[in-house]
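> Here it is, the structure in full.
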Amino acid sequence: MRHQHKQECNELLGSISEYVDGSLHEELCRELEHHLSECEDCRVVVNTMKKTIELYQTDAPKDGLPVDVRQRLYKTLHLDDLLHTTH
Amino acid sequence: MMTDETQTEISVEALKAGDRAEFARLVDLASAPIYRLGLKMLGNPQDAEDVLQNTFLKALQSLGNFEGRSSPLTWLYRIAINEALMLIRRQKPQVEIAEEPQDEESNLPTPVQLTDWCCLPESDFLTTESKRALDAAILKLPEKLRVVFLLRDIEGMSIQETSEALGLTETAVKTRLLRARLNLREQLSSYFTERLIEEREK
Chain P
15 MRHQHKQECN ELLGSISEYV DGSLHEELCR ELEHHLSECE DCRVVVNTMK KTIELYQTDA
75 PKDGLPVDVR QRLYKTLHLD DLLHTTH
Chain W
7 MMTDETQTEI SVEALKAGDR AEFARLVDLA SAPIYRLGLK MLGNPQDAED VLQNTFLKAL
67 QSLGNFEGRS SPLTWLYRIA INEALMLIRR QKPQVEIAEE PQDEESNLPT PVQLTDWCCL
127 PESDFLTTES KRALDAAILK LPEKLRVVFL LRDIEGMSIQ ETSEALGLTE TAVKTRLLRA
187 RLNLREQLSS YFTERLIEER EK
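Rendered as structure tokens:
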């Protein structure tokens, strides 16, 4: 599994995060995509990085604050009297 | 997620004038994301609650100095991140002996794990154990990388918003984000490659 990355792979490694975000400069993007078409290892790195980010994004619950935590926070801030008037 | 719509709703003037109802609105707007950030930064609800309470107490104290150049939400994030980092340092003061060069693109760690595990069945990603592995991996990130990843990839802030909240240049944010993602990719690859082997042995 351990693999000796070629120099080109290492040079392009700095671009993959922006590539995954779709914010990579056009010229660099073409260069990277050309490299990806020839380099299986870098394709795996890009794919698994995308998947990693995706997993964290779908795993992140956008929950509200637990009710008891909110109550204690209001108390600490001496805002108890406003606890029921705000949403 | 920060949106312009919710930010314009909070009046900095009212906050500074001591309008308690306006402060309560700010609390309700910002407390959930700050609590989530604390949970992921510190890994337990008690510490997350401490960070949350201290953030708003500090905010009340320093409201007079708030110039409103950034949005109230970004300002609160900044306070919260400092609180979280302080708590981490108190808990394990032995870390940060050597400052790693994290803001440069040179010497990026060469990827080691080169198995494509994306083809695993979706159900394998959703198990309690997998979710635990995701959380554990975040906690293993160096704090400076962890906070960038949380703001950008979990809270969905832009590079610019993240740089404002952390007082870093955008270039530094991008490099730390790259390092964080590479690090997490390695960790998740180790974990899911094992699942892949198990899957094939079935």
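Heads up: the sequence lines are chains P and W, in that order. Just so we're aligned, residue 15 is where the first sequence starts under this note's numbering, counting upward by one. Just so we're aligned, residue 7 is where the second sequence starts under this note's numbering, counting upward by one. Every residue gets a Cβ at the ideal spot worked out from N, C-alpha and C, and that includes glycine. Everything numeric in this text was worked out from a predicted model, so none of it was measured.
1. Assess, as a yes-or-no matter, whether the segment 170-190 of chain W is touched by the segment 139-158 of chain W under the definition of 3 or more beta carbon pairs within less than 8 Å.
2. Kindly indicate if chain W contains any beta-carbon less than 8 Å away from that of Gln-71(P).
3. In chain W, what lies closer than 7 Å to Gly-78(P) by C-beta?
4. If I measure Cβ to Cβ from Leu-147(W) and keep anything under 8 Å in the same chain, skipping five residues before and after, which residues do I get?
5. Could you check how far apart the C-beta atoms of Glu-111(W) and Gly-28(P) are, in whole angstroms? I think they sit under 8 Å.
6. May I ask which residues mark the beginning and end of the alpha helix (DSSP H) holding Arg-152(W)?
7. Helix, strand or coil for Glu-111(W), going by three-state DSSP, please let me know.
8. Go to Val-60(P), then tell me how far its alpha helix (DSSP H) extends in each direction, as first and last residue.
9. Would you call the segment 131-150 of chain W in contact with the segment 72-83 of chain W, where contact means no fewer than 3 C-beta pairs closer than 8 Å?
10. Just checking: is the beta-carbon of Glu-32(P) within a distance shorter than 8 Å of some beta-carbon in chain W?
11. State the DSSP-derived secondary structure class of Gln-119(W), mapped to helix, strand or coil.
12. If you check the beta carbons only, do Leu-172(W) and Ile-87(W) fall under 8 Å apart?
13. Hey, would you say Thr-62(P) sits closer than 8 Å to Cys-124(W), going by beta carbons?
14. Can you grab the Cα-Cα spacing for the pair Asn-71(W) / Met-92(W), in whole Å?
15. If I'm right that Ile-165(W) touches Lys-46(W) with Cβ under 8 Å, what's the distance once you round it to whole angstroms?
16. What in chain P is Cβ-close to Trp-123(W), meaning under 7 Å?
17. CA-CA distance, Ser-169(W) and Val-179(W)?
18. Could you tell me the distance, in whole angstroms, from the CA atom of Tyr-197(W) to the CA atom of Thr-121(W)?
19. Give the interface partners of Phe-62(W) over in chain P, defined as CB-CB distance under 8 Å, in chain order.
20. Contact between the segment 128-139 of chain W and the segment 61-71 of chain W is defined here as three or more beta-carbon pairs at a separation below 8 Å; is this criterion met?
21. Would Leu-21(W) and Phe-29(W) qualify as a contact pair, given that the criterion is a beta-carbon distance under 8 Å?
22. Which bits of chain W does Leu-96(P) rub up against, with CB to CB less than 7 Å?
23. Rounded C-beta distance between Val-34(P) and Lys-65(P)? I'm assuming under 8 Å.
24. Determine, using beta carbons only, whether Ile-3(W) and Leu-48(W) come nearer to each other than 8 Å.
25. Taking the C-alpha atoms as reference points, what is the distance between Thr-181(W) and Asp-94(P)?
26. For chain W, check one thing: does any of its Cβ atoms lie closer than 8 Å to the Cβ of Val-83(P)?
27. With a cut-off of 8 Å, does the C-beta of Asp-159(W) fall near any C-beta of chain P?
28. Less than 8 Å between CB atoms is the rule here; does Glu-187(W) satisfy it with respect to chain P?
29. Leaving out the 5 sequence neighbours to the left and right, which residues in its chain are closer than 7 Å to Cys-23(P) when beta-carbon positions are compared?
30. What is the C-beta distance between Glu-167(W) and Leu-43(W), in whole angstroms, given that I count them as a contact (C-beta under 8 Å)?
31. Under three-state DSSP, which class holds Ser-164(W)?
According to the data block:
1. yes
2. yes
3. Ala-38
4. Phe-155, Ala-186, Asn-189 and Leu-190
5. 4 Å
6. 149-155
7. coil
8. 54-73
9. no
10. yes
11. coil
12. yes
13. yes
14. 21 Å
15. That belief does not hold up - the Cβ atoms of Ile-165(W) and Lys-46(W) are roughly 19 Å apart, past 8 Å.
16. Thr-62
17. 6 Å
18. 11 Å
19. Leu-87, Thr-90 and Leu-91
20. no
21. yes
22. Arg-26, Ala-27 and Ala-30
23. Going by Cβ atoms, the distance from Val-34(P) to Lys-65(P) rounds to 10 Å, so no, they are not a contact pair.
24. Beyond the ends of chain W as shown, which are 7 and 208, falls residue 3(W); an answer cannot be given.
25. 43 Å
26. yes
27. yes
28. In the sequence as presented, Glu is not what sits at residue 187(W); that position holds Arg. So yes, Arg-187(W) belongs to the interface.
29. Cys-53, Asp-55 and Cys-56
30. About 13 Å separates the two Cβ atoms, so there is no contact after all.
31. coil
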